[in-house]
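Novice: Position 19, counted from 1, in the sequence shown is what this note's numbering calls 32; the numbers after and before it change by one each time, with no gaps.
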Amino acid sequence: MRKASSISARLFLGFVRGQTTSKLRCFNAVRFHCDRAQPSSIKPPGPGPLTQYKSLVEQGKLQHDPKQETVAFQLEELLGRLEQYEREMEDYHEKLAIWEGRREDERRKLLMEEAESQQKDDVWTSVTNQRNKFVQRWLSR
14 MRKASSISAR LFLGFVRGQT TSKLRCFNAV RFHCDRAQPS SIKPPGPGPL
64 TQYKSLVEQG KLQHDPKQET VAFQLEELLG RLEQYEREME DYHEKLAIWE
114 GRREDERRKL LMEEAESQQK DDVWTSVTNQ RNKFVQRWLS R
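1. Take the Cβ of Y66 as the centre, count every other Cβ of all protein chains shown within 10 Å, and call the residue buried at 16 or more, exposed below.
2. Measure the alpha-carbon distance for W112 versus L92 and round it to whole angstroms.
3. Around the C-beta of A85, are 16 or more other C-beta atoms found within 10 angstroms, so that it is buried, or is it exposed?
4. I need the straight-line Cα distance from L88 to P60, nearest angstrom please.
5. Taking the C-alpha atoms as reference points, what is the distance between L63 and M102?
6. Which of the three DSSP states, helix, strand or coil, is assigned to D104?
7. With DSSP run on the structure shown, which of helix, strand or coil describes N142?
8. Could you give the distance in angstroms between the alpha-carbon of D118 and the alpha-carbon of D104?
9. Between the C-alpha atoms of V43 and E129, what's the straight-line distance to the nearest angstrom?
10. Considering only residues of the same chain and omitting the five flanking positions on each side of Q149, which have a CB-CB separation below 8 angstroms?
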């Protein structure tokens, strides 16, 4: 079994106040994988649950129990899947940050094009209004 300190360390990492960076936004209450204040992959010290169980049985501190061994094996598999999930989520959030950056650049580009287009329309509207005023003054004489 893991020491209580390594388990509590993992739990603590999951429930810290998120930080906002210029690139990534994190939310309070749960640490998302984009929170770079913590090391990206924290490996618990020592062997996995199954290895520890077998070691305790060999030392004579525990009696062999097939059900406990099965549970230790399943815990070790779960830990492996969780670590794989964390790596996938880190990759996902890195790609998401890149996508959000590109989306923001494209949004700014579109806003600039729209503003330029609107300025051109305003210039032509102004010219048309001035021309209409001139024509009306000329005709009213």
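Think of the CB as a built atom: it goes at the ideal place given N, C-alpha and C, for glycine as much as any other residue. Nothing here was measured: the structure is a model prediction, and the numbers come from that model.
Specialist: Here's the rundown:
1. buried
2. 30 angstroms
3. buried
4. 12 angstroms
5. 26 angstroms
6. helix
7. helix
8. 21 angstroms
9. Residue placement at V43 is flagged as unreliable, the pLDDT there being 42, under the threshold of 50; the coordinate-derived value follows with that caveat. If you take the alpha carbons of V43 and E129, they lie about 43 angstroms apart.
10. none
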